[in-house]
Each structure stands twice: as C-alpha cells, then as structure tokens.
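S.K.: What follows is a single structure, and I will ask about it in a moment.
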Amino acid sequence: AGKKQFQIAAIFQTSIEEPWDGAIHQACQKVAKELNLKYEYSEGVAAADFEKVVREYSERGFDFIVGDAFLAGEEPSRRAAKDYPKIAYAFGSEFSPQAPNYSVFDNWIHEPAYLSGVIAGMMTKTNTLGIVAAIPIPEVNRLANAFKKGALSVNPRVKVKITYIGSWFDPPKAKEAAVAMIEGGADYLFAERFGVFEAAKEAKVFAFGNMADQNSLAPDVVVTSCVWDMYPLIRKSVDAIRNGSWSAKNLKDWSMMAAKGSYLASYHGFDAKLPVKVKTAVSDLTKKIMNGSFTVPVIETELVSD
Amino acid sequence: MVGLSIVRRQTLPPWAEILLPVAAIFATLIIGALPIVLAGGNLFKAYSSLVYGALGTRFNLLETLVKASPLILTGLAVSFAFRARFWNIGAEGQLFAGAIAATAVGVYGTALPSWLVIPACIVSGFIAGGLWAVLPAFLKTKLKVDDVVTTLLLNYVMIHVMGFLLYGPMQAAGSSWPRSEPIMDAAHYPILLPRSRLHLGLVIAIVMVLAIWFINARTVFGYRSKCVGVNINAAHFSGVNTDMTILKTALISGGLAGLAGVGEVCAIHYHLLMDISPGYGYTGIVIAMLGNLHPVGVALSAFFFSCISIGSQTMSRMAGIPVYIEGVI
Amino acid sequence: MMADIFSASFITGLIGATLRMSTPIILATLGEIITERAGVLNLGIEGIMLFGAASGFLATLATGNLWFGILMAALSGVLLALLMSFLAVNLGLSQHVAGLGITIFASGLAMFIYRKAVGSPVVPPTVHPFSPLAIPFLSDIPFIGESFFKQYFLTYITWALIPLVSIFLFRTRFGLRIRTMGQNPFAADTVGVNVNRTRTICLAIGGALFGVAGAFLTLAHQNMFLIDVVGGRGWIAIAMTIFGNWNPLMGSLGGLMFGFLDALQLRLQSVGIHLPIHVFLMIPYLMTIVALVGVSRKATVPAGLLKPYRREEKGG
Amino acid sequence: MVDITKRFVDVVANDKVSFSLFPNEVCALLGENGAGKTTLMNILFGYYLCDSGEIRIYGRIVRLGSPKDAIAHGISMIHQHFTLVPSQSVLENAMIGVEGGFFLDKKKARKRLLEIEKQFGLDLDPDAMAFTLTIGQQQKLEILKALYREAKILIMDEPTAVLAPIETRELFATLRTLVDNGRSVVFISHKLNEVMEISDRILVLREGKNVAERKKSETRVQELASLMVGREILESLQCSDSAAGNTVLQLKNLRVRNSKGVVALDGFSLDLREREIVGIAGVSGNGQTELSELLFGIRRPEEGSIVLDGKEVPGGSPSAMIRAGMARIPEDRISTGVCMDLSVMDNMILVDHCREPFSKLGLINGREIRSWVLDRVRDFQVKTDGVDAPVKSLSGGNLQKVILARELAGQPKIIIACQPTRGLDVGAMEYVHQAILRQKERGAGILLISDDLDEVLLLCDRVIVIYEGRIMGELCSDGIDRERIGLWMSGVA
Ligand SMILES: Nc1ncnc2c1ncn2[C@@H]1O[C@H](COP(=O)(O)OP(=O)(O)OP(=O)(O)O)[C@@H](O)[C@H]1O
Ligand SMILES: Nc1ncnc2c1ncn2[C@@H]1O[C@H](COP(=O)(O)OP(=O)(O)OP(=O)(O)O)[C@@H](O)[C@H]1O
Ligand SMILES: [Mg+2]
Ligand SMILES: [Mg+2]
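Chains as they are written, first to last, in the working numbering: chain Z, 1 to 306; chain G, 307 to 635; chain Y, 636 to 951; chain C, 952 to 1444.
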C-alpha cells in the first residue's frame, strides 16, 4: 500500500457469466467500489495464456491478484507468485497455500447445501430427490453429498438420484436430466447447474438454486438457493494486505456460513409455503453451524444414484 | 471431368496468389473494426494497442513467439494434409493424442535415462498424433469414408478419450479434477531465453517448417503427395501407390499436430488437462489456407495469428473492448 | 434397476426426451442438406446456431414475443449465411475457411451483443419459453400420446419439415435445380440456371434453419442464453448430413439416433446405472463413424461440393 | 456474329471473327486445336462475353449476357464435355431450367419429351438414369435437352469425337431431320470426312482469325486440311512391313466386371506380338473402357489371366504393369492422364520419378529431371511456355504429346493406346499416328483401342471387334471388310 491506489486484478478461465467466477467478480466489484480501488479482470483466459496474464498483472504492479486456478492455472500462478513475493495472490485451488504470499480458497457451500437437503428431506412426498450436477469433481461432489446427508438426516427413507451432465454449460441437457429424474419420481431437485428450473416448472416440482440467489429465475419453483458470497473473503484479504498482515493461508473459513461467506438465500415466496416445522429446523441447525456446535461433513467422493 | 474443364486454362498470376491472403487480412481488419466502433472504442488506439500487445515489449514479443509454436505446427499439419487432398479437420484431436502420449512418457517413463526423456516424448507424441490421423486416412482409402467428417468426429472422440483418462487411469493421485500427475523435470523442454517462456517448441516448429519444405520440394514422397492431391486418378494410373501415399501423408500430418500437443505439455502446462488447446487445431486450418499451404507461408500466417491473439488480449484491456472481439477478429 | 429401465414411464420419457433433444440437430441437418445439395459445405453452422440462439433470445427478451424471437433468429441466420455466400460463393474462397471463419466470427459476435444487451448479471435473464403443446386427443393415447404428442410446437414443425424438405428437393423445380448444381454446376449454368444466386438462396434457407435450431435451445428447450448452449450440435448436424447420404429422411434418422443416445445416457445415470460417462459420450460419435463406413459405398456425395463455380470469364 | 474479338489473359482467342448462320443449314467450323472454335461458340451461347463485336439474330442486335439469354433466343449448345447430371433421370435432365410450375410436373414433361422423341426419331427411356446411358445415348439426351428448350440453333462442339461410326450415322440422320424441320446446326469437328458428309457450308479458323469459307460443293478434304494447318498434310503413312515377332501380351479367357458389378468383358482372349498393332473396334460402351482399365492395372479380372512378356501378372497393380514394360495412353487425358495443375515437368516425370537417376534414396534429383524433360519436350515438339508452365495451359494436342513423351520414354515393349487422337486436329493426329508407327518399327507390340474405325483400319495389322464384352470376330488388315465389321459392331455375327 502507500499513496498509490490499491489495485486488484482477477483472472478467470471462463466468462464471468459462469457462476463460480461470477461470484468472485461480483465480490471484487463490490469491494472495489466500496473502498475506491482499481479493479481489472481478464475472462475466458485460455489455459495456455494463463501464465502470461498472471505475469502481466504482476509486472504491472497490482497489489492483489485473484482468480480461479483450477487445473490450468495452478502451476503458472504459483510460479509467478514465487517471482513476485511482494504481491498477494489468492486463487481458487484444490491444493494447499504456498508461502509466503499465495493463498487458496474454494466454494465451501456444503453447509447451505446440507440445509437445503434438510428442507428437501422434510418436504418430499415421493421420498425421491434429484441432483443435476456438472462433472464429478470435489467442489461438486461436496455439495451433492452434503445435500444427500442433509436429507437423510431428517428422512432416512429418502432416495437420491444424481446425473452428471458432463459439461459446465449445457442447460438443455441439464433440463433433460432433470426431466428424467422427475419422471423417476423426484419432487425436489438440487440444481447444481443452470437448466433445471425449466423442467421443474413444467412438472410443477421444486428445486434449489446454487451459487447465487436464483429465485428470480423461477419464483414458483426455487425454494431457496445456496449462495456463495466472496465479499467477506475479498474484503478481509484487502484489509490484511493493506495492514501488512497477509500471509499464505487456506481462506476456506471465510467462505463458511460462520463468516457469512455462504448462506441459504431468502425463501422469497416460499416463506409462506414452508411449514413452520421445517423453517425452525433449518434455523436451529443454522445456529448450530454458525456457533460451531455442528459440523457438516465434507465428502468429496463421486455420488451414484440410489 | 466437366468441373476440370471449367477451371482448365485459368491460372492466377503469381502476384495475385500473394496478394489474396494479404487482401483477406485487410478485409478482416476492416470487418473487425465494425464491432470495435460499435463498442465505442477508439479504432486507432485499438489497433495500435494490438500491435503493441503483440510486439511492443520483449515480454509481449516472446509471448507471441511462444504461442506461434503450436500454431505453426498445427498449420503445417493441416497444410501438409490438404496438399494431398486429405481433408484433415482433425488436427485438434491429433494434438490431444500427442499430448496424451507425451504425458504418458513424461509421467511414467521414469526408467528412461534423463537425456532420452524429451526425445521419447517427442517421438511418442508424433506417433500418437500420426496414428490418430492414419485411422481416418485408412477409412478414406480402404472404405471410401469421407475424411472431413471422420476427422471432425474423431476430435470429439479424442476429447472423450482424454476425459476418460483424466477422470480415470491417468488422474493425478489426490486430485479429483481432470488432471494428470505432473511430468518429470527431465521432460520439460529447455527454455531458450532466460526470464521467458520461449521454449524448444519454437525450434522444433522451425525445423519442421524446413523439413516439410524439403519433403515437398525434394523428395519422391513429397512429389507423390502433391500429385495425389492434384489428380489422384492420374497418380494411381502412373503407378503411384496412392493409398500408401495418403496414409503416409496422414501420419506426418497427424504427427505434426501431435508435436504441438507435446509442446503444450512439456513446455507450457507440465501436465495434461482437458483445456490444453484453445482450438489450435482449428486455427491451424485457417492458418494453412492463409499460408497458401506452403510451409513458409504457414509459418508467417501462424505468426500473424499469434500476434492477433496475443495483441487483442492487450487491446481489450487497454482500449476497453470486450475480449470476445478477439474471436471476431 | 432393470425394472426401472423397462417401466413404461422410463420408455415414454425416453422417447419424449429423444424427440426434444434431436429437434435442433434435425433442423440444422435439414438446413445443411439443402446447402450441401447445392454444393456448399457450410462449416459456419455452429456459429450461426449460436448467433441464432442469442439473437432469438434477446429479441424475445426485449419484446416478450417468442415468435418474434424465432423470426429474428431466422433472419440473423440468413444474414450470416449471406456473408458466407459472399465469401465462399461470390469470392470463391475456400469453403472450409469461410465456414470456420463465420463460426468464429458469429460466436464472438453473439457473446458481444448479448453482453451489450444484458451486461453480466449474477443471475442470467430469462424469458417465458414455449411450453409443450399437447395435441388434443392424440396426446391421450396411452404411451405414445405422452411421448409423441406433448412436444414443443417447433418440434412438430421440425417433423413436418422433414417430408417438406424431401418434397422440396425431389419434387419441385427449385429442388431439381439445386440438385443439379450440386452435382454439376456447369450443367446448371448451361441451361440458364444462375448457379451463384441459387447457391446463395440455399445458404440463406439453411441459415434460417440454423438460426431457428439455435433459438429452439434458448426459447423452447431452455429459457436463457449461455455461452455454450449450442455445444457442438452444429458439428453433429454436419456429420448427420453425410450419415444420411444427403437425404432428409436418413439425415433426420441420424439426428434422432443422436438424441436417443444422449437421452438414454442421462436417464441411465438417474436410475443409478453408472457407466463411465466419457465412454458413453463417445458412443454417438463412434456409431456415426461406423454408420459412415456402412453408407459410404453408396454415398452420393454432391460432386460439386467444395468447388466454387465461376465461368472462365471472371477468373481470366 | 460480326467482328468478334475475345481476349484471355495472354491469348487472343478470337480476333475479329465473323460468322453467319442461315436457316436450314449445317455449318461446319474447322480449325486446329486452339484456333478459337469453342470460344466463338461459347460467345454465341452467352457463356463468355466478347470484348468487342456484335451479335445479330434475325437481323436484330442482341446482347447475350448468359446462357439464359441465349436459350431465350433459341440457341442451345452441346458442349464437348456433356453437361448431364449422372444421378438424375433422362427426364429430369431434360427438364432442368424449364420445369414450368413450382412443383415438378413430370407427367406433362414426360408427354412433351416423348412427343419430341417421336418427332425427331430419338428414342430414350425417360426414366433411365443418366449414368446408365452409353455415350451415344448421352448425346441424344443432350440433343433432346436442346429441343426441349425449343432450340432453333444447335451448336455441337465435336459431337462425333466420342461416337462410333454407327452412332455418328445416327447422329447425322438426326441432324438432317433437325435441319429439315427448320433448325440450323453449327457443327465443330476435326474429322474432315464427316464435315464433308454433313455440312452445307464450312468456315475455317486459324489462330483466332477467319481464314476461309467454302460451300461444300466447292471444296475437297485436302484443301480444308491445308487451310486449317497452313501447310500440306500428307496422311500417307509409311511403315516398313516387317514381320511380327514373339508374343508380348497374352490375355486368356478374361472375365471382368465394371464398377456397377456388371460383367463387362467375358471370355476375352487376345495375343499381341512384337512389331504388331492390334486394333480393338466397337461401339463405345462394349467393354473397351474396362479392357483398358484392366490393362492399366486399375481393375482386377474375376477370371482368366494376363501374361506379360512371358510372366503372369496379377491384375490391379498399375506399377506391376509398368515394371513389366507397358506404356499406357489413357482414354481420358484430363482425368487420368495428367495432373492439370502441375507443370509440364512434373507431369512428364510422373511415371519415372522413382527411377535412377531421377531420384535416389527417396530424394528427387531436380537437375537430372529438368534436362531429361527438356530433351523430351524438344523430341516431341511440345509447344509450351517452358517446362514449368502448368499443363492446363497447353492445347489438347500438346497435352497428348506430353503423355506420349512420358509413356514412350522407357522404350516400352507393350503400348496400350486408348482413343489416342480423340479431339485432336488433323495435324496433331498425324503426329500421333506417326509416333505409334515408329514404336511399332522399333519393336513394340501395340494395342489400339479406338472408336474411330478409320483410325483403326489405317494403323492396325489386325482388328478385333468387340460387342457386349465378347469378341465378335477378327480380321487381318489385308482382308478388311468394312461391311462385316459394321455388322459385328452392332452385334450381328
Ligand atoms: N478460359 C480461358 N482462359 C485462357 N485462355 C483460354 C480460355 N479458353 C480458351 N483459351 C485459349 O483460347 C484459345 C482458343 O481456345 P478454344 O478452346 O476456343 O480452341 P478450339 O478451337 O475449340 O480448340 P479445340 O480444337 O482443341 O477444341 C486457345 O489458345 C486457348 O488456350
Ligand atoms: N481396382 C482398384 N481400385 C481401387 N484401388 C486399387 C485397385 N487396385 C489397386 N488399388 C490400390 O492402388 C494402390 C496402388 O496399387 P499397386 O498395386 O500399384 O501398388 P504396389 O505395386 O502393390 O506397390 P508399390 O507402389 O510399392 O509398387 C494400392 O494401394 C491398391 O490398394
Ligand atoms: Mg505402386
Ligand atoms: Mg474446342
């Protein structure tokens, strides 16, 4: 820091419409506006160009560089971080932080996913739930497993179906996967990906959004959503960098419910529709999670339909 | 026969052959200007930042060269195949095949003496890419299956093969993401200039340009491959084993694309992942055509494409123009 | 599990999904067949579909009118096809390059106008899409009613188009001219048929179908636009064109097969049959190649395909 | 047509050519290869635009911007290369462009087509696919197409080049009917006898200019030939009548199927000896093409054997044939003879490139090749801008010389010549004939497959007539009986 304006750069491998990168982008924008910082980003960065972009920002003297490093970005960003020890880096990554300046984070929203599983487990009439997910990777499996565990915790007879559509973006395919589950009896669906709500709407069943509050996409269908809010993480990081206390850490705690890094979105119209019993169960559990008396298990193995 | 008689006596003067690609480039720059203006950008600033981004600094220039290496190789791969009328749209898949093979050697070939690792990566990548191209060539020659479609479809097959490997046997221990173990250090391409990413791949690409030039101009095989491309009936009739010529052409073409994949693994990523190529194989087609199917032309047009690609990233940052315009240009 | 698979609902559901998922592929295949019959390989298909998906969606988003969206998708498909025609027919550039160029151009442009129009909000905007249309009486037939007669209007149109395109190609004056110039443009020219103009028209018809195929994804099958909505369906249509031996009926059958395998794969997962997903996703491509081996012997490749046509005049 | 001038990039194809055509006449257009006949007619057909000059039809100046305009004025042209769509039926081929309403009304079209067929005595099955037609039938279809468009003026570019004598006679009968029905015909041919037979008036072009116009009654073949070429032509071939030697090619009991799976040759046997020219005569489409493909090594026999120079060779291998010392002059120069986009040099070396000294260890020796090709070009008097010029810039005659130069280079023991003078002018024809005879003198055994009976009779020591893939009979040159051959060719034993 100093007199110079503080600068944040973000590097995304996909476009910012992708929810994961979108969450980072939104948070950076918000923090930049709030604290009057300079913010620049590069989206759709190809794997082969990742290192170039990291180095370009580093060279230009940005103070804080964030982004998603999964796969292609891991090595390049870590190599660059070694060369610029004065700059703070925080990347979404499945690996550990790298001293002294490279922290990692991830979407730790298994807690709200567990909560939505609880709602689904209590509400289902068919005892069949569905999950439409992208690709079996830890970030995705974690949520799917938490949703299932949550449902089973309140309703042991529940059966959970899951379909991996095999890509990040294919709403028509996600929809077809959802249709198949609905025809198989599922009445509450966890929509890890875009595309599920349309099927739910047509069949008049219910769904849970993921990553952002997606109620507006289908207000009659979306009970609630598991929101990942990167704001606390970015904000706290900027503060730490400014007061010189930045160090390489796993920043996952700042994505947890306790830090308001994730939460269950508002029920919107469903506030009136959900039985009080269900709402109390959720709020009780929320309290326990927040104060640490209950820990949602993290299971990252691939899920198979019951 | 009738088609031939139409174009029969028509030869373009040589200046037109050179001018045509240049005109095409200008046309694209002008067409590209349209959305820039629409997006509210300053045209002059945009293009000057493009040039600056591609060539303006040592860093940028070297990055442009880094990107040019795979593009030269895929461009060569396509041009060599097209010259023999083997419509290889499958350089992308062949690139993946080469990358997979290089990774396999780089990760599991620990028993090899270290000086042999890089050559082993290169050779296996070449062969893997080549075989992946020989398959459609075989279908074309023996079963008369259209090569445009098979090569295109095999790209998708290869993507899924890679998906299968990266979620299965080749997945790095401890990771659930589709990535392989890193390759060993001995498999890393040497860096040509300190503090840069410029690597052996560029040398390989340039050697290949010269090699293909030599093959085309001076060898029996290059001559046969040209004849097969111009008139396969006449070549067959004259005793040229046309099937064999096409198969060999495919092997070399796919091998070149495979080398591009080796370079991406051994010099850029150091492990295998799904997004190893941002469409280098497809860009190779455009590069080959723009380069008039001549190896030197291919090298130049690959460099040009690399400039555009690298430069437009800078352009979008500096002139405030969305990065998707890169695709437009 | 096995009981699940042979249940009536699994099968009717599977058929219904097959029809939905094959609709855009069939539409695009029909368009490509017309274009290739006239002697032009349009590799711009993937980009044109994406652009149709975007423009149709945006038009509907702006006006709330779905049919207006479809119209805009068709129109923008036509415009891009005209650009293709200018490059590949009038200028006689390589059809490969022109087509791939159009795909790159159109994909970039689609994303560009989408951003211009809606920015990049956290939750993408949606429209109220077409809903499935149950045909009275027919949809009440047990089993088949549920799968065949509760489809999107565009799906019915697509199915109607299959025989219509066949009739168009094989029973009309225009169709005869198209087939002639695909086989032998010189022959067409010498009987007074304007080769380049007819090719342009065919490209435009194809472009309109591509645009609508794209819009089907964003306005019927889904209600939002995302970057990858088309996801390679255009390339599949190209394969199906050849698979079907440039015959609308056979090509559509191929599209149907593709839709079927994809639908089956998704459904097997949801009943817990766990196949290695990548092996499964490979199957349609491999099957197409195998099928190509089968049909290739009698394939009637339009002899004029890939060849720009000029009288000697212009070249000299 | 008055003062028509047409320039291509580097040649003036027509230089102030004038041409007129009257009703009820057949006017022949004569000239060497490249004299500008086709160009002139393409201008009349609206396919090319002329640089200067004017076209009047029935006295009115017209502008013919495209074939469509020409067709509207009643002009139809039958090109040297037919413009049919193989995968469509006769009817469809005939109706393209003048289909009538939006839907194809095949019933009405068929009726009209049959009427025309009856009127002009052309019989073709409207439902036959074009690819099943013989060359003669294809030509009938082309004429039908023109008549279907109500053509008043019919331009025929070398229509007889691909026809057998019987077919030619049929064509001439048709042309007579046309002319008697008020049509006019422009007839381009290199065969002077035919020109004398069919035409009323003859126009000679040389190097793009008018040189002469003659009424048929006022001229003779010799005069026409010298007008065309600008010198005397002496088609009096001399050849020392040496006795034939050992057998070099033996075909035994061959049975061959064509690409459609139909038996094209059956029980075919033949002996060819050194210093001998054996001719295969027959109406085209009776197995000649398959025979040549078999001998070229691109088709395999189903039964029977091929013995080359004492050794049996398997079918289906062009290189085996070449190794055994066979030279091949293909029927279709453009599609199987040369690579049109490659240079004269590249084409010349196509067969021998892998032989020393032209290549060693897989490397091409450019210098050796160039000097060798230069020699060949000189020996064979190929007219070209240099050995690096693409062969597509050569005239038909010179193209054929390139092939001859290439094939005859290795002093072959056996030469298979298919339609070696098809489409060539008298000068070039004379040259080719002499080249063949020289090879015979040298000791080669030559199989001449030709539709041109005159050519066969002129050159051959023995003539074999085939009909539907079988040998109808064989005659020696001293016992030639045209009548018998004609009967054999039409299948009458
Ligand atoms: N499209 C073209 N471009 C350039 N030159 C041409 C073209 N067409 C014809 N020529 C040239 O014009 C001249 C006349 O050609 P044309 O085809 O009219 O001759 P022709 O009298 O019909 O010969 P042939 O007897 O071989 O058919 C030749 O020198 C030829 O090379
Ligand atoms: N009837 C045919 N139709 C199509 N292709 C054929 C036919 N006969 C042979 N071929 C193919 O043509 C190619 C050339 O055949 P050819 O027999 O001349 O080669 P070869 O003599 O066996 O080998 P080399 O070139 O080493 O001398 C072969 O690959 C063969 O498969
Ligand atoms: Mg051979
Ligand atoms: Mg001519």
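From the three backbone atoms N, C-alpha and C, an ideal C-beta is built for every residue, glycine too.
Going by DSSP in three states, residue 613/G sits in which element: helix, strand or coil?
M.R.: Translated into the one-based positions of the second sequence, residue 613/G becomes position 307. Correct three-state label for residue 613/G: helix.
S.K.: Is any heavy atom of ligand 1 found at a distance shorter than 7 angstroms from the C-beta of residue 986/C?
M.R.: On the fourth sequence, residue 986/C is found 35 positions in, with the first residue counted as 1. True, at least one ligand heavy atom lies under 7 angstroms from that Cβ.
S.K.: Can you find the residues in the same chain that come closer than 7 angstroms, C-beta to C-beta, to residue 1350/C, ignoring five residues on each side of it along the sequence?
M.R.: Position 399 of the fourth sequence, counting from 1, holds the residue named residue 1350/C. The residues are 1284, 1289, 1342.
S.K.: Can you give, in chain order, each stretch of the alpha helix (DSSP H) that sits fully within the region 31-108 of chain Z and has at least 4 residues?
M.R.: Listed in chain order, they are 50-59, 74-83.
S.K.: Identify each residue in the region 183-197 of chain Z for which the Cβ-Cβ distance to at least one residue of chain Y is less than 7 angstroms, and report them in chain order.
M.R.: For the region 183-197 of chain Z, which is checked against every Cβ of chain Y, the residues closer than 7 angstroms are 183, 184, 194, 195.
S.K.: Would you decide whether residue 1427/C is buried or exposed? Buried here means 16 or more other CB atoms lie within 10 Å of its CB.
M.R.: One-based indexing of the fourth sequence puts residue 1427/C at position 476. Looking at its Cβ environment, which holds fewer than 16 other Cβ atoms inside 10 Å, residue 1427/C is exposed.
S.K.: Please list, in chain order, the chain Z residues whose beta carbon lies closer than 8 angstroms to that of residue 579/G.
M.R.: The residue given as residue 579/G occupies position 273 in the second sequence. Correct list: 47, 71, 72.
S.K.: Take the Cβ of residue 1077/C as the centre, count every other Cβ of all protein chains shown within 10 Å, and call the residue buried at 16 or more, exposed below.
M.R.: Along the fourth sequence, one-based indexing puts residue 1077/C at 126. By the neighbour-count rule (16 or more Cβ atoms within 10 Å), residue 1077/C is buried.
S.K.: Please classify residue 763/Y as buried or exposed, where buried requires at least 16 other C-beta atoms within 10 Å of its C-beta.
M.R.: Counted from its first residue, the third sequence places residue 763/Y at position 128. By the 10 Å Cβ count, residue 763/Y comes out exposed.
S.K.: I'd like to know if residue 1411/C contacts chain G, where contact means its C-beta is closer than 8 angstroms to some C-beta of that chain.
M.R.: Position 460 of the fourth sequence, counting from 1, holds the residue named residue 1411/C. Not an interface residue.
S.K.: Suppose the cutoff is 8 angstroms on Cβ atoms and the five residues either side in sequence are ignored; what does the same chain contact list for residue 321/G look like?
M.R.: Stepping through the second sequence from its first residue, residue 321/G is reached at position 15. Note that residue 321/G scores a pLDDT of 49, beneath 50, so its modelled location is shaky; the value from the coordinates is reported in the next line. There are no such residues.
S.K.: For residue 207/Z, report the span of its alpha helix (DSSP H) as first-last.
M.R.: Taking the first sequence and counting its residues from 1, the one referred to as residue 207/Z is at position 207. Element bounds for residue 207/Z: not the alpha helix (DSSP H) but the beta strand (DSSP E), 206-211.
S.K.: State the CB to CB distance for the pair residue 854/Y and residue 704/Y, rounded to an integer number of angstroms; the pair is presumed to be in contact (CB under 8 angstroms).
M.R.: On the third sequence, residue 854/Y is found 219 positions in, with the first residue counted as 1. On the third sequence, residue 704/Y is found 69 positions in, with the first residue counted as 1. Confirmed, Cβ separation roughly 5 angstroms.
S.K.: State the CB to CB distance for the pair residue 1269/C and residue 1300/C, rounded to an integer number of angstroms; the pair is presumed to be in contact (CB under 8 angstroms).
M.R.: Indexing the fourth sequence from 1 puts residue 1269/C at position 318. Indexing the fourth sequence from 1 puts residue 1300/C at position 349. Not quite, the Cβ-Cβ distance comes to about 16 angstroms (not below 8 angstroms), so this is no contact.
S.K.: Is there a Cβ of chain Y sitting closer than 8 angstroms to that of residue 469/G, yes or no?
M.R.: Mapped onto the second sequence, residue 469/G falls at position 163. So yes, residue 469/G belongs to the interface.
S.K.: So with CB distances below 9 angstroms, who are the chain Z contacts of residue 576/G?
M.R.: Indexing the second sequence from 1 puts residue 576/G at position 270. Here the neighbours are 75.
S.K.: Which same chain residues, not among the five before or five after residue 502/G, have their C-beta less than 7 angstroms away from its C-beta?
M.R.: Within the second sequence, the letter at position 196 stands for residue 502/G. These residues qualify, in order along the chain: 368.
S.K.: Could you check if residue 497/G is buried or exposed, using at least 16 other CB atoms within 10 Å of its CB as the buried criterion?
M.R.: Reading the second sequence from its first residue, position 191 is the one you call residue 497/G. Counting Cβ neighbours within 10 Å, residue 497/G comes out exposed, since fewer than 16 surround it.
S.K.: Anything in chain Y within Cβ reach of residue 591/G, meaning under 8 angstroms, just list it in chain order.
M.R.: The residue you call residue 591/G lines up with position 285 of the second sequence. Result: 731, 732, 735.
S.K.: Might you give, ordered along the chain, the residues of its own chain that have their beta carbon closer than 7 angstroms to the beta carbon of residue 518/G, omitting 5 neighbours on each side?
M.R.: Looking up residue 518/G in the second sequence gives position 212. Excluding residues within five positions, the ones whose Cβ falls inside 7 angstroms are 382, 386, 601.
S.K.: Quickly, what does DSSP pair residue 1050/C with across the bridge? List them, please.
M.R.: Residue 1050/C sits at position 99 when you count from the first residue of the fourth sequence. Residue 1050/C pairs with nothing; no bridge assigned.
S.K.: Who are the Cβ neighbours of residue 1204/C in its own chain at under 8 angstroms, not counting the five residues just before and after it?
M.R.: What you label residue 1204/C is simply residue 253 of the fourth sequence in a count that begins at 1. Hits under 8 angstroms: 1218, 1219, 1220, 1254, 1255, 1256.
S.K.: When you compare the CB of residue 1304/C with every CB in chain G, is at least one pair closer than 8 angstroms?
M.R.: By one-based count along the fourth sequence, residue 1304/C stands at place 353. Interface residue, yes.
S.K.: Looking only at its chain, what residues have a beta carbon closer than 8 angstroms to the beta carbon of residue 963/C, apart from the 5 residues adjacent to it on each side?
M.R.: For the purposes of this step, residue 963/C is taken as residue 12 along the fourth sequence, with counting starting at 1. Here the set comprises 956, 957, 1159.
S.K.: Since residue 1313/C meets chain G, which of its residues come closer than 8 angstroms, beta carbon to beta carbon?
M.R.: Counting from 1 along the fourth sequence, the entry for residue 1313/C is found at position 362. Within 8 angstroms Cβ-Cβ: 525, 526, 527.
S.K.: In its own chain, which residues sit with a C-beta less than 7 angstroms from the C-beta of residue 896/Y, not counting the 5 before and 5 after it?
M.R.: As a working mapping, residue 896/Y is identified with position 261 in the third sequence. Cβ within range, chain order: 918, 919.
S.K.: For residue 311/G, which residues in the same chain have their Cβ closer than 6 angstroms to its Cβ, ignoring the five residues on either side in sequence?
M.R.: Here residue 311/G corresponds to residue number 5 of the second sequence, with the count starting at 1. With a pLDDT of only 26 at residue 311/G, under the threshold of 50, the placement of this residue in the model should not be trusted; the figure read from the coordinates follows. Cβ within range, chain order: n/a, list empty.
S.K.: Would the beta-carbon of residue 1047/C fall within 8 angstroms of that of residue 1073/C?
M.R.: To locate residue 1047/C, count along the fourth sequence from 1; it is residue 96. To locate residue 1073/C, count along the fourth sequence from 1; it is residue 122. Cβ distance not < 8 angstroms, so residue 1047/C and residue 1073/C don't count as in contact.
S.K.: I want to check one thing, is the minimum distance from the CB of residue 989/C to the heavy atoms of ligand 1 below 7 angstroms?
M.R.: Within the fourth sequence, the letter at position 38 stands for residue 989/C. The answer is yes for residue 989/C.
S.K.: Determine the burial state of residue 585/Y: buried for a count of at least 16 other Cβ atoms within 10 Å of its Cβ, exposed for fewer.
M.R.: The displayed coordinates of chain Y run from 636 to 951. Any statement about residue 585/Y would go beyond what the structure contains.
S.K.: Round the Cβ separation of residue 1415/C and residue 1425/C to the nearest angstrom and send it over; I've been treating them as touching at under 8 angstroms.
M.R.: Taking the first residue of the fourth sequence as 1, we reach residue 1415/C at position 464. Taking the first residue of the fourth sequence as 1, we reach residue 1425/C at position 474. Residue 1415/C to residue 1425/C, Cβ: 5 angstroms. Contact.
S.K.: Any heavy atom of ligand 6 closer than 7 angstroms to the Cβ of residue 969/C?
M.R.: Although ligand 6 was asked about, the structure shown includes only ligand 1, ligand 2, ligand 3 and ligand 4 as ligands.
S.K.: Please confirm whether residue 948/Y has its beta-carbon closer than 8 angstroms to some beta-carbon of chain Z.
M.R.: Mapped onto the third sequence, residue 948/Y falls at position 313. Summary for residue 948/Y: the model assigns pLDDT 37, below 50, so the residue's position carries little reliability; its value from the coordinates is reported in the next sentence. It does not; no Cβ of chain Z falls within 8 angstroms.
S.K.: Going along chain C in order, which residues have a C-beta closer than 7 angstroms to the C-beta of residue 824/Y?
M.R.: Residue 824/Y sits at position 189 when you count from the first residue of the third sequence. 1018, listed in chain order.
S.K.: Considering only the beta carbon of each residue, do residue 204/Z and residue 303/Z sit closer than 8 angstroms?
M.R.: Against the first sequence, residue 204/Z aligns to sequence position 204. Against the first sequence, residue 303/Z aligns to sequence position 303. Cβ atoms of residue 204/Z and residue 303/Z: not closer than 8 angstroms.
S.K.: Alpha carbon to alpha carbon, how far is residue 528/G from residue 871/Y?
M.R.: Start at 1 with the first residue of the second sequence, and residue 528/G comes out as number 222. Start at 1 with the first residue of the third sequence, and residue 871/Y comes out as number 236. Approximately 34 angstroms, taken between the alpha carbons.
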